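Colleague: Note that the sequence shown covers residues 56 to 206 in our numbering.
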Amino acid sequence: MAETSIPRPATRSRTSKAAHIIERIGLAMAGGSCGLFVAAHMASSRVEAFGSVALVFGLMILGAVGFYLGIDIPPHSSAGNDVNHSEATDPVELFSAIGTFLATLAAFLSVYIIVFDANPSTRSTIILGICWLVGGIMQIVAGISARRHLC
Numbered sequence: 056m057a058e059t060s061i062p063r064p065a066t067r068s069r070t071s072k073a074a075h076i077i078e079r080i081g082l083a084m085a086g087g088s089c090g091l092f093v094a095a096h097m098a099s100s101r102v103e104a105f106g107s108v109a110l111v112f113g114l115m116i117l118g119a120v121g122f123y124l125g126i127d128i129p130p131h132s133s134a135g136n137d138v139n140h141s142e143a144t145d146p147v148e149l150f151s152a153i154g155t156f157l158a159t160l161a162a163f164l165s166v167y168i169i170v171f172d173a174n175p176s177t178r179s180t181i182i183l184g185i186c187w188l189v190g191g192i193m194q195i196v197a198g199i200s201a202r203r204h205l206c
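1) Give the straight-line distance between the Cα atoms of Pro146 and Ala201, rounded to the nearest whole angstrom.
2) Considering only their Cβ atoms, is the gap separating Pro175 from Ile168 smaller than 8 Å?
3) Between the alpha carbons of Ile126 and Ala158, how many angstroms are there, rounded?
4) If we require 4 or more residues per run, which alpha helix (DSSP H) segments fall completely within the stretch 102-169?
5) To the nearest angstrom, how far is the alpha carbon of Leu149 from that of Ser88?
6) Can you grab the Cα-Cα spacing for the pair Val138 / His96, in whole Å?
7) Quick check on DSSP: helix, strand or coil for Thr177?
8) What's the gap between the Cα of Glu103 and the Cα of Val111?
Structure follows, in structure tokens:
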């Protein structure tokens with residue numbers, strides 16, 4: 056049976072490495088920005104603890120690390136050239152996708168609330184913060200797992 060996969064070069068060019076680094080930094084900045092939007096929304100709530108600088112900084116760091124590690128998961132090492140692999144579900148990739156969805160949904164809703172000056176309940180704000188936290192943690196766990204080949 057002939058292999059149908061596209062061969063990958065053993066080493067990457069300097070340009071390719073530089074492009075990848077620039078991409079990773081851009082993803083980290085996007086994650087940090089999303090964290091800032093969630094923090095800005097939470098800080099505008101009626102809960103005094105949400106207005107701390109530490110919380111704002113923490114949500115930005117969580118977003119930066121989560122987007123850096125959790126997006127662009129490297130392929131599973133056991134994938135190889137297995138014909139049936141395309142039908143298999145990689146749990147790390149799924150975990151990362153759900154984490155990315157939760158984090159970006161929280162950021163999207165936060166931007167909506169800020170731009171349209173909505174007045175959500177404290178409960179909604181807490182739920183949004185939890186979505187951001189869970190999504191970011193899922194991205195980090197998935198990214199570390201994929202890079203250490205734990206799953």
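Heads up, the beta-carbon is just placed ideally off N, CA and C, and yes, glycines get one too.
Being a predicted model, the structure only gives us computed values, none of them experimental.
Modeller: Result, derived from the coordinates:
1) 10 Å
2) yes
3) 12 Å
4) 108-125
5) 24 Å
6) A caution first: Val138 carries a pLDDT of 48, below 50, which makes its placement in the model unreliable, though a value can still be read off. The straight-line gap from Cα to Cα measures roughly 47 Å.
7) helix
8) 13 Å
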